[in-house]
Amino acid sequence: MAKVFQFMANGFEDIEALIPVDVLRRGGVDIKTVSITDTDVVESAHGVKMHADLTFKEAESMLDEADLLMLPGGMPGATNLNEHEGLKAALLRQAEKGKMISAICAAPLVLGGLGLLRGRRATCYPGFEQTLTGAEYTAELFTIDGNITTGEGPAAALPYAYSLLEQLTDSATSLAVADGMRYIHLME
């Protein structure tokens, strides 16, 4: 079973964080939310408080086992993620191993700042293109380039999540979850 950690900072975008968690769990992926604050409580950009599964301190020793490290967007969530040195070190280790990393909306700014997008194709929320240092901006709902997947913004949360599920499992699983959630019907 694939192992995923999604990092949560105060100011995260609600649906960019929760839709991927929901989709991946429906697809049988072991995904844990990780608060980068001092507690397990994290507050969204819209004032919704949630309890993360783990704090960064609790998760830190497990991060090297991850198949995917995920960053939801939102402001100031993305900048809060970008200020966490432990998270940035984990992302660099993940990239060195060629393992999966994903970020949506404003969060690709963390990857851009680390140089992980240099020479790659990537997308982000319009207006953050300059933070994709060295990347070719695609303006797509989601962009997969090797081990890095980026997403555009809130409306892209579902296709982005199904893409990640397919990469972690297979197309049949992703399609079955999308169909069960009536996403396929929505697109007809």
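Using the UniProt record's numbering, read the sequence shown as starting at 1 and increasing by one per residue.
Virtual Cβ for every residue (Gly too), placed ideally from N, Cα, C.
| Query | Result |
| --- | --- |
| Member of P159, T169 and A95 whose CA lies at the smallest distance from the CA of M181 | P159 |
| Limits of the alpha helix (DSSP H) - the one that A95 falls within | E85 to E96 |
| Secondary structure of F5, DSSP reduced to three states | strand |
| Close Cβ partners of F12 (< 6 Å) along its chain, the five nearest in sequence each way excluded | S44, P72, G74 and G77 |
| Delimiting residues of the beta strand (DSSP E) encompassing K32 | D30 to S35 |
| F12 - partner residues in DSSP beta bridges | S44 |
| Residue of M8, D30, G28 and D170 minimising C-alpha distance to T37 | M8 |
| Rounded straight-line distance, which links the Cα of I144 to that of P20 | 16 Å |
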